[in-house]
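2 protein chains.
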Amino acid sequence: MPFRAYDQHCSIAAALEVLGERWTLLVMREVLLGRRRFADLKRRLGVAPNILSDRLQTLVDHGLLIRERYADNHPDAFEYRPTRKGVDVQPVLLTLMAWGDAHATPPGGPPRVAVHRTCGHEAHPQLHCTHCGDALSPRDTQIGPGPGANAQQRAEPLLPASA
Amino acid sequence: MPFRAYDQHCSIAAALEVLGERWTLLVMREVLLGRRRFADLKRRLGVAPNILSDRLQTLVDHGLLIRERYADNHPDAFEYRPTRKGVDVQPVLLTLMAWGDAHATPPGGPPRVAVHRTCGHEAHPQLHCTHCGDALSPRDTQIGPGPGANAQQRAEPLLPASA
Numbered sequence: 001m002p003f004r005a006y007d008q009h010c011s012i013a014a015a016l017e018v019l020g021e022r023w024t025l026l027v028m029r030e031v032l033l034g035r036r037r038f039a040d041l042k043r044r045l046g047v048a049p050n051i052l053s054d055r056l057q058t059l060v061d062h063g064l065l066i067r068e069r070y071a072d073n074h075p076d077a078f079e080y081r082p083t084r085k086g087v088d089v090q091p092v093l094l095t096l097m098a099w100g101d102a103h104a105t106p107p108g109g110p111p112r113v114a115v116h117r118t119c120g121h122e123a124h125p126q127l128h129c130t131h132c133g134d135a136l137s138p139r140d141t142q143i144g145p146g147p148g149a150n151a152q153q154r155a156e157p158l159l160p161a162s163a
Numbered sequence: 164m165p166f167r168a169y170d171q172h173c174s175i176a177a178a179l180e181v182l183g184e185r186w187t188l189l190v191m192r193e194v195l196l197g198r199r200r201f202a203d204l205k206r207r208l209g210v211a212p213n214i215l216s217d218r219l220q221t222l223v224d225h226g227l228l229i230r231e232r233y234a235d236n237h238p239d240a241f242e243y244r245p246t247r248k249g250v251d252v253q254p255v256l257l258t259l260m261a262w263g264d265a266h267a268t269p270p271g272g273p274p275r276v277a278v279h280r281t282c283g284h285e286a287h288p289q290l291h292c293t294h295c296g297d298a299l300s301p302r303d304t305q306i307g308p309g310p311g312a313n314a315q316q317r318a319e320p321l322l323p324a325s326a
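In the order they appear, the protein sequences are chains A and B.
The numbers in this note's numbering rise by one with no breaks, and the one at position 18 of the first sequence is 18.
The numbers in this note's numbering rise by one with no breaks, and the one at position 121 of the second sequence is 284.
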């Protein structure tokens, strides 16, 4: 069905094939904050062990995490280290955090903030255009065909990204 | 259990309570690209109608979409318009697209690109620090307690965001 093919030919859909599940992104949040051991992840996330094992395996299978034994004295002594592919998930987590801060924040304000190590201040991360350097608002963003566009995408006009 | 409370007290977790499902974000992608009618969404996403109805209802219930009748001549003539809360999901989609372009792109390169309407060039969206204006890399980002931090979060040091 052409529109199904159309839908699948998309980097958002491709990313969500790996990341499009709540626990998967929460596992990445924990690992990127330095919590790498199965027992710590299970305790902090309060997730069922079978679900945690499944999500970790998915992340290892897709090359976002590497499983490493950290001790020889017990059989389950494994930790999970992020690869570059895994570290690159961090901007997704920051934009989710910004949305949550704006629209789903608990009473009292944001529980956590992102700090820019280089300047030492709260970053309040914001997307910018790398060509002109200006902040990129949804209203100023359009979506158009890329080098890998299929015939349907090439035939489309530039679409507003926040119609 | 303290660590469960800890996990839930997080804007990423709060955002994922609404957005943490693959179809939900794909529905937002379509609506933000201007496809608002149930039949169009179903056709383009190739999703089962009951799943689409469920995800649309979730987005309406949480105030990301408003359901509006666009015609009187048939009973199912509804479309879905994004609210500000819905439009604010767009940066999440752009960071997912960037991750997919980098790590899950189909042969031939990115199917679609983001264009900055103001400057007219490909935006290659990148997170910046709003305090100093510099690009914000995962390695230069730390996570610390915010104004709404709970006791456990307040007691933590600044954590690297890409340990």
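Virtual Cβ for every residue (Gly too), placed ideally from N, Cα, C.
Check the Cβ of residue i against every Cβ in chain B and list those closer than 7 Å, keeping chain order.
{"i": "leucine 41/A", "result": "Near leucine 41/A there are no residues of chain B at all, since even the closest Cβ is about 10 Å away, more than 7 Å."}
{"i": "alanine 123/A", "result": "Cys292, Thr293, His294, Leu299 and Thr304"}
{"i": "alanine 149/A", "result": "Pro274 and Arg275"}
{"i": "arginine 29/A", "result": "Ile175"}
Under 8 Å, Cβ to Cβ, is there at least one residue of chain A near residue i?
{"i": "valine 181/B", "result": "yes"}
{"i": "leucine 222/B", "result": "no"}
{"i": "leucine 219/B", "result": "no"}
Spatial neighbours of residue i within its chain, please: C-beta separation below 7 Å, excluding the five flanking residues on both sides.
{"i": "phenylalanine 166/B", "result": "In this prediction, phenylalanine 166/B has a pLDDT of 39, which is less than 50 and means its spatial position is unreliable; nothing more can be read from the coordinates."}
{"i": "arginine 244/B", "result": "Arg199, Leu228, Ile229 and Glu231"}
{"i": "threonine 187/B", "result": "Arg218, Thr221 and Leu222"}
{"i": "cysteine 129/A", "result": "Leu136"}
{"i": "histidine 116/A", "result": "Ala123"}
Could you tell me the distance, in whole angstroms, from the CA atom of residue i to the CA atom of residue j?
{"i": "proline 288/B", "j": "alanine 211/B", "result": "32 Å"}
{"i": "aspartate 38/A", "j": "alanine 77/A", "result": "Before going further, note that residue 38/A is phenylalanine rather than aspartate in the sequence given. Roughly 8 Å between the two C-alpha positions."}
{"i": "leucine 159/A", "j": "histidine 237/B", "result": "28 Å"}
{"i": "phenylalanine 79/A", "j": "aspartate 54/A", "result": "For the record, residue 79/A in the displayed sequence is glutamate; it is not phenylalanine. Glutamate 79/A and aspartate 54/A: Cα-Cα distance of roughly 15 Å."}
{"i": "alanine 168/A", "j": "threonine 268/B", "result": "Absent from the structure is residue 168/A, since the part of chain A shown begins at 1 and ends at 163."}
{"i": "leucine 45/A", "j": "glutamine 316/B", "result": "15 Å"}
{"i": "leucine 33/A", "j": "valine 27/A", "result": "10 Å"}
{"i": "aspartate 108/A", "j": "leucine 179/B", "result": "For clarity, residue 108/A is glycine in the given sequence; the question names aspartate instead. Between glycine 108/A and leucine 179/B, the C-alpha separation is close to 19 Å."}
{"i": "cysteine 132/A", "j": "cysteine 282/B", "result": "7 Å"}
{"i": "valine 87/A", "j": "aspartate 235/B", "result": "50 Å"}
{"i": "glutamine 305/B", "j": "aspartate 61/A", "result": "28 Å"}
{"i": "lysine 175/A", "j": "leucine 93/A", "result": "As shown, chain A starts at 1 and ends at 163. That puts residue 175/A outside it, with no answer to give."}
{"i": "glutamate 156/A", "j": "arginine 192/B", "result": "16 Å"}
{"i": "tryptophan 99/A", "j": "valine 252/B", "result": "7 Å"}
{"i": "leucine 19/A", "j": "alanine 314/B", "result": "30 Å"}
{"i": "alanine 326/B", "j": "aspartate 203/B", "result": "43 Å"}
{"i": "lysine 85/A", "j": "proline 147/A", "result": "22 Å"}
{"i": "alanine 161/A", "j": "isoleucine 214/B", "result": "24 Å"}
{"i": "glutamine 171/B", "j": "serine 11/A", "result": "29 Å"}
{"i": "proline 138/A", "j": "valine 31/A", "result": "30 Å"}
{"i": "methionine 260/B", "j": "histidine 266/B", "result": "10 Å"}
{"i": "alanine 312/B", "j": "alanine 149/A", "result": "44 Å"}
Starting from residue i, trace the alpha helix (DSSP H) both ways and give me its first and last residue.
{"i": "histidine 103/A", "result": "90 to 103"}
{"i": "threonine 24/A", "result": "22 to 32"}
{"i": "glutamate 180/B", "result": "174 to 182"}
{"i": "leucine 67/A", "result": "This sequence places arginine at residue 67/A; leucine is not what is there. It is not in any alpha helix (DSSP H) - arginine 67/A instead sits in the beta strand (DSSP E) that spans 65 to 69."}
{"i": "arginine 275/B", "result": "Careful: arginine 275/B lies outside any alpha helix (DSSP H), inside the beta strand (DSSP E) at 275 to 279."}
{"i": "leucine 215/B", "result": "212 to 224"}
{"i": "aspartate 40/A", "result": "38 to 45"}
{"i": "arginine 154/A", "result": "151 to 154"}
Determine the chain A residues that contact residue i at a beta-carbon separation under 8 Å, and present them in chain order.
{"i": "asparagine 213/B", "result": "Correct list: empty, because the minimum Cβ distance to chain A is about 17 Å."}
{"i": "valine 278/B", "result": "Thr141, Gln142, Ile143, Gly144 and Leu158"}
{"i": "glutamate 184/B", "result": "Gly20, Glu21 and Arg22"}
Is the shortest distance between the beta-carbon of residue i and the beta-carbons of chain B less than 8 Å?
{"i": "glutamine 90/A", "result": "yes"}
{"i": "alanine 13/A", "result": "yes"}
{"i": "histidine 74/A", "result": "no"}
{"i": "leucine 65/A", "result": "no"}
{"i": "alanine 102/A", "result": "yes"}
{"i": "tyrosine 6/A", "result": "A caution first: tyrosine 6/A carries a pLDDT of 45, below 50, which makes its placement in the model unreliable, though a value can still be read off. With 8 Å as the cut-off, tyrosine 6/A counts as an interface residue toward chain B."}
{"i": "phenylalanine 3/A", "result": "Bear in mind that a pLDDT of 39 at phenylalanine 3/A, under 50, signals an unreliable position, so the number given afterwards is only what the model happens to contain. Closer than 8 Å to some Cβ of chain B, the Cβ of phenylalanine 3/A qualifies, so yes."}
Starting from residue i, follow the beta strand (DSSP E) in both directions and report where the run begins and ends.
{"i": "glutamate 242/B", "result": "241 to 245"}
{"i": "leucine 127/A", "result": "126 to 128"}
{"i": "proline 145/A", "result": "141 to 145"}
Ordered along the chain, which non-local residues of its own chain (more than five positions away) have a Cβ less than 6 Å from that of residue i?
{"i": "leucine 59/A", "result": "Leu65"}
{"i": "valine 113/A", "result": "Glu122"}
{"i": "alanine 168/B", "result": "In this prediction, alanine 168/B scores a pLDDT of 40, lower than 50, which makes its location untrustworthy; no coordinate-derived value is stated."}
{"i": "glycine 144/A", "result": "Leu158"}
{"i": "aspartate 264/B", "result": "Pro273"}
{"i": "threonine 95/A", "result": "none"}
{"i": "proline 254/B", "result": "none"}
{"i": "tyrosine 70/A", "result": "Ala77 and Glu79"}
So which residues of chain B does residue i contact, with C-beta pairs closer than 9 Å?
{"i": "alanine 187/A", "result": "Residue 187/A cannot be examined here, being either before or after the span of chain A that is shown, 1 to 163."}
Quick one: which chain A residues come within Cβ less than 9 Å of residue i?
{"i": "serine 216/B", "result": "Under the 9 Å cutoff, chain A gives no residues; its nearest Cβ is about 18 Å from serine 216/B."}
What does residue i touch in chain A if you count any residue whose Cβ is under 7 Å from its own?
{"i": "valine 250/B", "result": "Pro138 and Ser162"}
Given residue i, which residues of its chain have a CB within under 8 Å of its CB, disregarding the five upstream and five downstream residues?
{"i": "leucine 290/B", "result": "Thr258, Ala298 and Leu299"}
{"i": "threonine 83/A", "result": "Gly63, Leu64, Leu65 and Ile66"}
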